Structure formats: structure tokens, C-alpha cells
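Data block below; observations after.
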Ligand code: PMP
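Numbering (the UniProt record's numbering), first residue to last: 3 to 359.
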């Protein structure tokens with residue numbers, strides 16, 4: 003495991019707008035690479051940003067009191083059942099720092115969000131990756147990978163990068179079989195985009211399973227990615243066990259207040275949810291017309307098989323001013339992952355893709 007740490011490469015996020023502008027001498031860039039919200043954030047959150055400028059000389063509230071109370075009310079969980087992080091990225095790190103170390107193993111799907119593996123490597127834990135089946139978690143096989151040394155199982159639903167999800171009956175069956183000393187982390191970064199009838203009420207399940215933790219974020223539909231606020235909800239004993247591993251002032255002042263205000267504006271969230279549905283339909287139509295395979299998505303992104311190297315489609319689109327993700331780095335070498343943008347952005351990227359094909 004020491005060698006694995008030495009060989010670990012820094013996490014590669016999508017290319018930034020400024021970087022691409024400079025590299026290709028482009029003025030206009032559309033970034034559909036990191037599953038951000040093309041409609042920005044609520045006006046309520048924007049108002050907060052104007053008002054909190056004066057507090058910036060002070061450290062943020064390490065307990066995130068106002069945000070904690072807002073999220074607790076929104077979800078219907080106790081305040082002590084929540085932990086906040088510098089993005090849900092930090093919660094993944096905190097879980098890993100607390101529960102993973104040499105001698106234990108951790109189970110995850112592949113391909114999935116890469117930070118589970120990245121952090122597990124850093125902690126020296128054994129990594130057990132279980133291939134997706136048709137883009138979905140194979141929870142039976144994941145169960146089979148668990149043994150007495152398993153500490154954490156990661157389930158990403160909807161899964162990044164496939165957009166597929168774990169239905170209610172499958173999740174409950176899994177939770178009933180997982181040994182109670184094993185933590186199941188259910189990463190729901192895209193929860194608010196979900197539109198499936200059989201999607202589980204995961205917050206309700208927290209009351210029944212002390213070894214379940216749900217992760218959510220303000221980076222996606224809430225449109226606050228740059229403020230870095232994510233959270234975990236779980237039994238208070240687990241939260242207390244994790245809390246020492248986070249940084250004392252991990253969520254920043256504006257992020258805390260902007261997130262609390264954003265939560266109040268569920269009309270904006272409903273609007274973004276509907277627009278995302280329409281955007282996905284634009285991509286589905288295009289794929290069907292062109293005979294391209296794709297996964298119907300419950301997130302704000304779509305994985306499209308371009309029938310050739312994803313890197314080439316990625317490069318072609320970038321030179322036209324559209325940043326997407328090549329599926330090559332995500333475990334799908336002949337695909338690209340495109341974030342659903344505004345109707346015009348979707349049209350634009352579809353036009354360029356048609357030209358590429
Ligand atoms: N989980 C998943 C599945 C994600 O796709 C992302 C962001 N790409 C994150 C967690 C991290 O999000 P954040 O740290 O911005 O909350």
C-alpha cells in the first residue's frame with residue numbers, strides 16, 4: 003500500500019474555462035464537464051453573498067449552526083445527525099481518515115466517483131472494486147466482496163458517471179444483509195435530480211439502519227459548487243465518531259449562509275429539476291436519431307457512447323469551445339460524459355457532436 007500511495011496521481015478534474023481559453027485562443031467557452039448547475043443558484047443565495055462581506059475577517063462557525071438548523075428542518079433529522087464538509091469531497095475524506103487503514107478493506111463499484119478509491123489508497127486500505135452491470139451497482143456481488151475486515155462500502159446513487167440508481171427494494175435488501183459493523187455510504191450528490199418512482203426514501207432509512215450514511219451536496223442542483231458545502235446524515239454515534247477528523251473551520255461563512263438561503267428556495271430547485279428533465283430529453287432524442295448508446299440518467303449528466311475514442315470527441319468539442327469529459331478517464335473509453343446545460347447549450351453541443359460523428 004505504501005507503493006500505491008507513492009504512485010497516486012493528483013485527482014484530475016475537468017479542464018477549466020480559463021485554461022481552455024488560453025490554450026485554444028477561444029473567447030466563448032461552455033463548460034459541461036463537472037455536473038454543475040447551468041442556471042446558477044437561487045437569488046436568495048445571491049442576496050446573502052452581498053450581506054456577509056463584513057464577517058470575512060472572522061473564522062467561520064465551525065458548527066455551522068444556522069445551516070445545521072436549516073438542513074435538520076429540511077430533512078427532518080436531528081441536528082446531531084449531521085456533519086458538514088468542504089464539499090461532500092471532504093466528508094468522503096473524513097470517513098476514510100476515520101475508518102480506513104492498512105489491514106481493513108473497502109468495497110466500491112467500478113466505474114464510480116473516483117474519490118472513494120483515491121482516499122482509500124491514501125489511507126492504505128485494501129480496495130475491492132466490483133464492476134457495474136449495465137451501468138448499475140451489482141449489490142449482490144458487492145455483498146459477496148464483504149468479509150470480516152470490511153470497514154466501508156460505497157454506493158453512489160445516482161452513479162457518476164452512468165446516472166443509474168439503486169431502487170428501493172434492492173437497497174433495502176442489501177442493507178438487511180450487510181453486517182452491522184460495516185458502514186454503507188450512500189453518495190446522493192445528484193439526489194435532487196432524481197425522477198424515478200422507485201427511488202428509496204433514504205433519509206427515512208437512516209432511522210432503521212445505524213450503519214447507513216447519506217451524503218448530499220450544495221454543489222449540484224443548488225448551484226453553489228464554488229462555495230464548497232456538502233453534508234452527511236447518519237446516526238449521531240457515527241457522526242460523533244467522524245467529527246474529530248474534519249478541519250475545525252471546514253465550511254466557510256458565505257457558503258454556510260448561502261446554502262441555508264438556497265434551501266429556502268425550493269421553487270428554484272423544482273425549476274432546475276424540470277429543465278434538467280427537458281435537457282436529458284434533448285440528448286435522448288439526439289442519441290436515438292444517431293443510433294448512439296447511452297444510459298438513461300437520473301443525474302444532470304449523460305454518458306454517451308460515441309462509437310470511437312472518447313478522447314477524440316472530447317478534443318474535437320473542446321476546440322469548438324465545449325468542455326465535456328472524455329469517458330476514457332472515467333472507465334468508458336468510447337464515451338463522453340456531458341453535463342446537461344441550458345436548452346441552448348445542449349443544442350450547441352449536440353450540433354458539434356453531429357458534426358464530429
Ligand atoms: N459525489 C459525487 C458522486 C460527485 O459526482 C461529486 C462531484 N463531482 C461529489 C461527490 C463531490 O461534490 P462536492 O465535493 O462538490 O460536494
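Glycine included, every Cβ here is placed at the ideal spot set by N, Cα and C. Given the structure is predicted, the values throughout are model-derived calculations rather than measurements.
One Cα belongs to residue 282, the other to residue 312, and the distance between them is close to 20 Å. Residue 4 is classed as exposed because its beta carbon has fewer than 16 other beta carbons within 10 Å across all chains shown. A check of alpha carbon separations from residue 305 across 272, 342 and 274 identifies 342 as the nearest. Taking the Cα positions, residue 241 is about 15 Å away from residue 218. Fewer than three beta-carbon pairs drawn from the stretch 258-277 and the stretch 286-295 are found closer than 8 Å, and the two stretches are therefore not classed as touching. In the three-state reduction of the DSSP assignment, residue 232 falls in the strand class, which pools E and B.
The ligand PMP approaches residue 221 closely enough that one of its heavy atoms is under 7 Å from the residue's Cβ. Annotation for residue 72: 262 and 265 place their beta carbon closer than 7 Å to its own, counting only its chain and skipping 5 residues before and after.
Inclusion of residue 177 and residue 215 in the CB contact set at 8 Å is not warranted, their separation being larger than that value. If you ignore the 5 residues before and after residue 160, its C-beta comes within less than 6 Å of the C-beta of 167, 192, 300 and 301, all in its own chain and listed in chain order. Counted as a single uninterrupted DSSP element, the beta strand (DSSP E) harbouring residue 307 occupies residues 303-307.
Remark: C-beta atoms of residue 162 and residue 115 approach each other more closely than 8 Å. Residue 93 sits buried, since 16 or more C-beta atoms from the chains shown fall within 10 Å of its C-beta. Here DSSP, grouped into helix, strand and coil, assigns residue 196 to coil. For residue 156, the pairing in a beta bridge is given by DSSP as 187. Within its own chain, the residues whose Cβ lies closer than 6 Å to the Cβ of residue 169, once the five positions on either side in sequence are excluded, are 200, listed in chain order.
Within the same chain, and ignoring the five residues on either side of residue 151 in sequence, the residues whose Cβ sits closer than 6 Å to its Cβ are 106 and 107.
The beta carbon of residue 209 lies closer than 7 Å to none in the same chain, with the five residues before and after it left out.
Relative to the ligand PMP, the beta carbon of residue 86 is positioned no closer than 7 Å to any heavy atom.
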